[in-house]
Amino acid sequence: MKAEACTYVIYGATGNLSRIKLIPALYHLDVENLLPEGTKIMALGRRPWDQQKWQSEVRDMLEQKARGGIDEAVFQRFCERMHYHQGDITQAESYSSLAKTLNNSQVFPQNQTFYLAISPTDFANTIKFLSLSGLLQEDAGWSRVIIEKPFGYDLQSAQSLQKNIAKYLREDQVYRIDHYLGKGTVQNLLVFRFANTMMEPLWNRHYIDHIQITHSEQMGIGTRAQYYDTSGAMRDMIQSHLLQLLTLVTMEPPASMEAESLRDEKVKVLKSIRPIPKEAVHACAFRAQYTSGNIDNEKVNSYLQEDNVPEDSVTETYAAIKLYIDNWRWKDVPIYLRTGKRMATAQSTISICFRQPPSQFFRDTQIKNTQPNWLLLGIQPEECFRIEMTVKEPGLEMKTRVTSLDASYRQEGEHHTDAYEDLLLDVIEGDNSLFLRSDEVELAWKIVDPIIQKWAQEREYIATYPAGTWGPEASRAIFDQESHHWRHNLTPESD
Ligand code: BG6
């Protein structure tokens, strides 16, 4: 797809997301010569900074993040693209003054992308103001808006936000971002499933026993208490990233890679997920909060000791959930999603456990139980595709061990690109296949809503786990079968 020059307007340009992800991603696109010629970046912030100060801030950001260090020639070019505009997003005048500046088509391409890296409570008003100041009109070029997560706080608020923004934007102008869809390993999942025929006959309830999707972090909540304490792990990770991963693992092959075909298939999965009634929440979902503990031999605080966390908070920093997809392919296959902060290791993985062979041929030998086959998809930090098989150990005895077939994603010397690079480029190219459609977001809320409502009522007690561990044993309560256990590792398990 040929990209046209555009003006990338970043609301919240001095904030964390912009520092850590957006500015470095745009810079890396520039390094790769992927920003169309003439592209400009307009940074919006409240601070009264001039051009020079902004450039020195950008240098700071890139010093931490630029791959292989800052390339001075590219940095020069990058700075020429950059403009800083001071403004308060709650004030109408700041939009009209921005509009006045951007209307200068000699300097700014009239295709415009607005990235809202701001508090979710400001999404609706910012879009309204953008529209009132004429910035969303498409007379001289296209206009697209990127909305960060969370889109809403529950089903009702997501619907009301959608209603508000639909007054000013067509659906194809809205890019609801879930950065997991920009990760190379996640996209590789689609390639793995749909560019190879080997797995497809096995990809169903006849061969797969259960699926686990895990995202664990060693980090705590850092300085984000204000957001996190009102969110919790279920909203922060499961409603968004992990449900997205689930749709990609389980959806039917789309008719094409065209955006609507892909999104239609994801929506079908979300619609087929068996609803969890409030009375079944305890059987299907588990939450917990970290207490103090050790991470990499350093003592770390409990959640309740983190800055700005209320002392009686029962916000979950760990959440696990069991889902079933009631369709022909997946009926009765449990799918477990779990996530946690301050866990033993940091990793995102999809682990698919195959059924045991129908009979144990080796009953009368030294081999008692063979391990089931697992397919392990490491999303980060280890990026791998691994199939575990049972093989005979060399020697005269009939003994077995597990070995793995490795189809790893990146080869030595191939560099990592950040998810945001891919997604920021997609927006310029007008490709919204890796962004969420409004029905997708609402269906995802519908799935988790009964759980968050039930948890909101239960304010007396929350299970705990020491920081640096894999979460409470009691989370086993959601398992469908006694033999199920959390798969923590990407290396073969011993008996
Ligand atoms: C964000 C969550 O969406 O994703 C964070 O708000 C979480 O709490 C982060 O840490 C994880 O993203 P990644 O790319 O680091 O796995």
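In my numbering, the protein residues as written are 570 to 1064. Every residue gets a Cβ at the ideal spot worked out from N, C-alpha and C, and that includes glycine.
Looking from the CA of residue 1055, the closest CA among 780, 644 and 695 belongs to 780. A check of alpha carbon separations from residue 622 across 648, 640, 701 and 714 identifies 648 as the nearest. Using a Cβ distance threshold of 8 angstroms, residue 1040 and residue 909 count as a contacting pair. Beta-bridge partners assigned by DSSP to residue 957: 973. Residue 831 and residue 757 have their C-alpha atoms spaced approximately 15 angstroms apart. Annotation: residue 688 to residue 860 spans about 28 angstroms, alpha carbon to alpha carbon. The C-beta distance from residue 738 to residue 696 rounds to 7 angstroms, short enough to meet the 8 angstroms contact threshold. Short of 6 angstroms from the beta carbon of residue 991, and not among the five residues preceding or following it, lie these beta carbons of its own chain, in chain order: 751. In this chain, the beta strand (DSSP E) harbouring residue 684 covers 681-685. By the Cβ-count criterion, residue 914 is exposed, with fewer than 16 other Cβ atoms from all chains shown falling within 10 Å of its own Cβ.
Ranking 765, 693 and 669 by CA distance to the CA of residue 659 puts 693 first. Membership of residue 753 in the alpha helix (DSSP H) is indicated by the continuous run 753-763.
Taken from the Cβ of residue 634, every heavy atom of the ligand BG6 lies 7 angstroms or farther away.
A distance below 6 angstroms between beta-carbons, with the five flanking residues on each side excluded, links residue 577 to the following residues of its chain, in chain order: 610 and 682.
Distance from the C-beta of residue 805 to the nearest heavy atom of the ligand BG6 is below 7 angstroms. Classified as buried, residue 813 has 16 or more neighbouring CB atoms from the shown chains inside 10 Å of its CB. Non-local C-beta neighbours of residue 1031 in its own chain, meaning closer than 7 angstroms and more than five positions away in sequence, comprise 856, 857, 858, 883 and 885, ordered along the chain. For residue 918, the three-state secondary structure derived from DSSP is strand. The criterion of a C-beta distance shorter than 8 angstroms is satisfied by residue 646 and residue 599. Linking residue 891 to residue 808 through their CA atoms gives a straight-line distance of about 13 angstroms.
Taken in chain order, the whole alpha helix (DSSP H) runs of length 4 or more contained in the stretch 705-740 are 724-735. Of the candidates 735, 874 and 768, the residue whose Cα lies closest to the Cα of residue 792 is 874.
Boundaries for residue 1049: no beta strand (DSSP E) harbours it, and the DSSP string shows neither H nor E there. At a threshold of 7 angstroms, residue 957 does not count as near the ligand BG6, since its beta carbon sits no closer than that to any of the ligand's heavy atoms.
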